[in-house]
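Since the structure comes first, as structure tokens, the remarks are kept for the end.
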Amino acid sequence: MSNFLAMGGYGFYVWMSYGVTALAIVAELLALRARHRAATRAFVHDRNESPTP
Amino acid sequence: MITVAADSTLSRQHDTSPLPDSGVWSGLRWALARDLRIALRSRAELGVQLLFYVIVVSLFPLATSPEKSLLALMGPGVLWVAALLASLLSLPRLFASDYADGTLEQIALSPHPLPALVSGKILAHWLTSGLPVVVMAPVLGLQYALDAQSLTILTVALLLGTPILSLLGAIGAALTLGLRGGGSLLALLVLPLCVPVLIFGAGAVEASHAGLGASANLSLLGAGLLIAIVGAPLAAAASIRIALD
Amino acid sequence: MNLYRYSSPAAFYPIAGRLAPWFGWSAGLLAAIGLWIGFAKAPTDFQQGEAYRIIFIHVPAAWMSMFIYMVMAFWGAMALAFNTRLSAMMAQALAPTGALMTFIALWTGAFWGRPTWGTYWAWDARMTSELILLFLYFGVIALRNAIDDDRRADRACSVLALVGAVNVPIIYFSVQWWNTLHQGSSISLTAAPKMATIMLSGMLVMALAAWFYTVAVALVRVRCIMRERQRGARQLGPTTVVPGLA
Numbered sequence: 000m001s002n003f004l005a006m007g008g009y010g011f012y013v014w015m016s017y018g019v020t021a022l023a024i025v026a027e028l029l030a031l032r033a034r035h036r037a038a039t040r041a042f043v044h045d046r047n048e049s050p051t052p
Numbered sequence: 000m001i002t003v004a005a006d007s008t009l010s011r012q013h014d015t016s017p018l019p020d021s022g023v024w025s026g027l028r029w030a031l032a033r034d035l036r037i038a039l040r041s042r043a044e045l046g047v048q049l050l051f052y053v054i055v056v057s058l059f060p061l062a063t064s065p066e067k068s069l070l071a072l073m074g075p076g077v078l079w080v081a082a083l084l085a086s087l088l089s090l091p092r093l094f095a096s097d098y099a100d101g102t103l104e105q106i107a108l109s110p111h112p113l114p115a116l117v118s119g120k121i122l123a124h125w126l127t128s129g130l131p132v133v134v135m136a137p138v139l140g141l142q143y144a145l146d147a148q149s150l151t152i153l154t155v156a157l158l159l160g161t162p163i164l165s166l167l168g169a170i171g172a173a174l175t176l177g178l179r180g181g182g183s184l185l186a187l188l189v190l191p192l193c194v195p196v197l198i199f200g201a202g203a204v205e206a207s208h209a210g211l212g213a214s215a216n217l218s219l220l221g222a223g224l225l226i227a228i229v230g231a232p233l234a235a236a237a238s239i240r241i242a243l244d
Numbered sequence: 000m001n002l003y004r005y006s007s008p009a010a011f012y013p014i015a016g017r018l019a020p021w022f023g024w025s026a027g028l029l030a031a032i033g034l035w036i037g038f039a040k041a042p043t044d045f046q047q048g049e050a051y052r053i054i055f056i057h058v059p060a061a062w063m064s065m066f067i068y069m070v071m072a073f074w075g076a077m078a079l080a081f082n083t084r085l086s087a088m089m090a091q092a093l094a095p096t097g098a099l100m101t102f103i104a105l106w107t108g109a110f111w112g113r114p115t116w117g118t119y120w121a122w123d124a125r126m127t128s129e130l131i132l133l134f135l136y137f138g139v140i141a142l143r144n145a146i147d148d149d150r151r152a153d154r155a156c157s158v159l160a161l162v163g164a165v166n167v168p169i170i171y172f173s174v175q176w177w178n179t180l181h182q183g184s185s186i187s188l189t190a191a192p193k194m195a196t197i198m199l200s201g202m203l204v205m206a207l208a209a210w211f212y213t214v215a216v217a218l219v220r221v222r223c224i225m226r227e228r229q230r231g232a233r234q235l236g237p238t239t240v241v242p243g244l245a
């Protein structure tokens with residue numbers, strides 16, 4: 000396990016790369032989820048405010 | 000005949016010379032003449048823009064070092080980047096004032112093809128901002144200890160390249176008409192597109208120093224100029240129509 | 000099957016909703032396989048040691064950053080040619096993920112460069128072109144944010160994306176030329192390690208994973224965009240409702 004983390008001495012570089020990539024993807028997904036919720040909430044709110052026939 | 004709003008107090012609104020036909024060249028000539036007339040009325044503004052160029056070029060040695068070999072290495076690049084910045088500075092006036100008072104809409108409605116009119120405006124822009132830079136550059140190049148051959152190559156490169164900067168900049172100016180954040184947004188859009196012009200233009204002098212000759216660079220710039228002359232007015236005209244709709 | 004039926008936002012909305020999870024889970028599975036190949040199956044590189052394993056993210060991200068830009072420009076062209084709203088919305092949905100891929104490519108490129116060639120940033124042709132591509136993405140996103148009117152934003156961003164797409168080969172060529180002029184006889188920084196087949200397959204699987212991820216995210220984002228635009232339209236009055244989007 001410690002061999003895996005050390006990555007032959009290059010651990011810092013490898014995990015900075017993979018780590019930041021994972022963070023970036025999680026950040027995008029979280030932002031997207033927040034955007035989806037906000038868009039749906041506002042849409043439903045508008046629809047309830049002024050129901051269409 | 001293009002009619003313009005009678006209630007405007009700006010002097011340029013009264014530029015209403017008659018248009019005999021609706022061809023490409025007459026449209027270009029009309030737009031060129033009009034924009035030159037308007038620009039030359041505010042000669043002070045043109046002078047200030049040129050002064051900006053001179054000052055920026057003078058800043059680099061102050062910020063780095065006056066050592067001759069360093070300056071000779073930096074010189075072409077500095078003169079080019081400064082030319083790019085000076086072009087960006089003057090781009091907003093290409094369409095913005097016409098857009099603001101509605102003249103641009105009427106220009107777009109004229110029987111002349113809009114790309115032709117846009118070409119005339121871009122040519123006027125280059126003549127009043129790009130050409131002065133081309134003329135100043137060899138003089139300023141002396142500050143950078145550039146020899147006569149380098150100065151010649153640099154001037155020819157700028158002569159070919161600054162019109163491309165005006166042409167590409169026109170697309171950006173047309174896309175950002177009336178938008179907030181105008182100038183910076185325009186720079187963000189235009190600068191990446193200008194990178195090849197910068198590379199080949201500034202690299203011409205270095206290529207000649209390296210013994211490779213500058214003809215490859217200058218040919219590429221020439222080819223780029225031809226492509227830009229054909230493509231940029233079309234893209235800019237399309238962008239103007241998008242902004243006006 | 001008449002695909003034009005699905006070119007209306009209202010018809011595509013439920014389809015996007017059904018497809019997105021499928022693409023998302025597939026992306027996760029592919030990534031797991033790719034990482035397994037990259038870490039468990041692929042051998043240590045003779046020259047670069049374990050540091051080379053970064054390529055399993057770096058290269059797919061770089062490929063995707065280019066690919067997404069071209070797809071975005073394609074949808075922009077469709078939007079201009081056929082005046083379809085959905086095409087423009089797809090272009091809008093792709094831009095942020097494209098910028099993200101470009102950032103990941105630049106970041107991992109820097110952390111691959113440091114142990115391998117001694118420097119985080121070496122102004123080599125590929126990385127410099129990637130940096131300019133990031134600026135192009137930012138330009139499209141900034142222009143979208145600056146324009147309030149959706150229709151003008153759609154068309155302006157389409158024009159900008161197309162102008163950018165035409166310029167990308169020119170930019171790449173010029174940066175390559177600039178780089179070779181200054182490289183002299185030093186080591187080519189863009190030379191990848193000799194590619195064993197297993198390494199290549201790892202990269203391909205990761206690239207596929209990145210592609211599926213992009214599709215999933217774009218489908219969800221385009222649904223958000225439809226909702227947001229529908230909300231804007233509603234505020235103009237109930238007669239502008241698109242049936243089926245309720």
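Residue numbers (numbering that gives the first Met the number 0), protein chains in the order written: chain A, 0 to 52; chain B, 0 to 244; chain C, 0 to 245. The beta-carbon is built from N, C-alpha and C at its ideal position, and this holds for glycine as well.
Same chain, Cβ closer than 7 Å to residue i, neighbours up to 5 away in sequence not counted
| i | result |
| --- | --- |
| W62 of chain C | A206 |
| S118 of chain B | L27 and P232 |
| L224 of chain B | L159, P162 and I163 |
| I36 of chain C | I197, S200, G201 and V204 |
| G202 of chain B | N216 |
| V23 of chain B | P112 and A115 |
Terminal residues of the alpha helix (DSSP H) in which residue i lies
| i | result |
| --- | --- |
| E27 of chain A | G10 to E48 |
| G160 of chain B | A147 to L174 |
| T102 of chain B | T102 to L108 |
| T120 of chain B | Correcting the residue identity first, residue 120 of chain B is Lys in this sequence and not Thr. Counting along the chain, the alpha helix (DSSP H) containing K120 of chain B begins and ends at L113 to H124. |
| Q47 of chain C | It is not in any alpha helix (DSSP H) - Q47 of chain C carries neither H nor E in the DSSP assignment. |
| W24 of chain B | V23 to R40 |
| R143 of chain C | A124 to A145 |
| L28 of chain C | P8 to W35 |
| D97 of chain B | A95 to A99 |
| G180 of chain B | Note, G180 of chain B: premise wrong, no alpha helix (DSSP H); not H, not E. |
Alpha-carbon spacing of residue i relative to residue j, whole angstroms
| i | j | result |
| --- | --- | --- |
| L113 of chain B | I239 of chain B | 9 Å |
| A234 of chain B | L90 of chain B | 16 Å |
| A80 of chain C | C156 of chain C | 14 Å |
| W29 of chain B | F73 of chain C | 36 Å |
| R36 of chain A | R222 of chain C | 11 Å |
| P60 of chain B | F51 of chain B | 16 Å |
| R34 of chain A | L130 of chain B | 49 Å |
| M6 of chain A | G112 of chain C | 16 Å |
| S218 of chain B | M15 of chain A | 45 Å |
| A144 of chain B | A71 of chain B | 6 Å |
| G16 of chain C | L39 of chain B | 59 Å |
| G230 of chain B | W21 of chain C | 42 Å |
| V25 of chain A | I67 of chain C | 19 Å |
| A164 of chain C | L166 of chain B | 17 Å |
| Y119 of chain C | L180 of chain C | 21 Å |
| D45 of chain A | M225 of chain C | 14 Å |
| D257 of chain C | Y51 of chain C | In the structure displayed, chain C extends from 0 to 245; residue 257 of chain C sits before or after that span and is not available. |
| L83 of chain B | M73 of chain B | 15 Å |
| F94 of chain B | R36 of chain B | 15 Å |
| A10 of chain C | A85 of chain B | 49 Å |
| G200 of chain B | P191 of chain B | 15 Å |
| G108 of chain C | F11 of chain A | 14 Å |
| V134 of chain B | T154 of chain B | 8 Å |
Beta-carbon gap between residue i and residue j smaller than 8 Å
| i | j | result |
| --- | --- | --- |
| G180 of chain B | A209 of chain C | no |
| P95 of chain C | I140 of chain C | yes |
| A195 of chain C | P13 of chain C | no |
| L184 of chain B | L135 of chain C | no |
| M202 of chain C | V70 of chain C | no |
| G33 of chain C | A215 of chain C | no |
| E129 of chain C | L105 of chain C | yes |
| T173 of chain B | A242 of chain B | Checking the sequence shown, residue 173 of chain B turns out to be Ala, not Thr. Yes, they are a contact pair. |
| D123 of chain C | N82 of chain C | no |
| I131 of chain C | V194 of chain B | yes |
| L139 of chain B | V56 of chain B | yes |
Sequence-distant residues of its chain with Cβ nearer than 6 Å to residue i (five each side left out)
| i | result |
| --- | --- |
| A245 of chain C | Any reading at A245 of chain C is ruled out, since the residue's pLDDT is 42, under 50, leaving its predicted position unreliable. |
| L45 of chain B | T127 |
| E104 of chain B | L243 |
Own chain, CB closer than 8 Å to residue i, minus 5 neighbours either side, in chain order
| i | result |
| --- | --- |
| A217 of chain C | M89, A92, L93 and T96 |
Which ranges does the alpha helix (DSSP H) cover as unbroken runs of at least 4 residues, wholly within the segment 60-104 of chain C, from first to last along the chain?
Uninterrupted alpha helix (DSSP H) stretches at least 4 residues long and entirely within the segment 60-104 of chain C do not occur.
Please list the segments of the beta strand (DSSP E) lying wholly inside the segment 188-223 of chain B, counting only runs of 3 or more residues, in order along the chain.
Listed in chain order, nothing qualifies, since the segment 188-223 of chain B has no complete beta strand (DSSP E) run of 3 or more residues.
Entirely within the segment 47-92 of chain B and at least 4 residues each: give me those alpha helix (DSSP H) ranges in chain order.
If we require 4 residues or more, the alpha helix (DSSP H) runs fully inside the segment 47-92 of chain B come out as 67-89.
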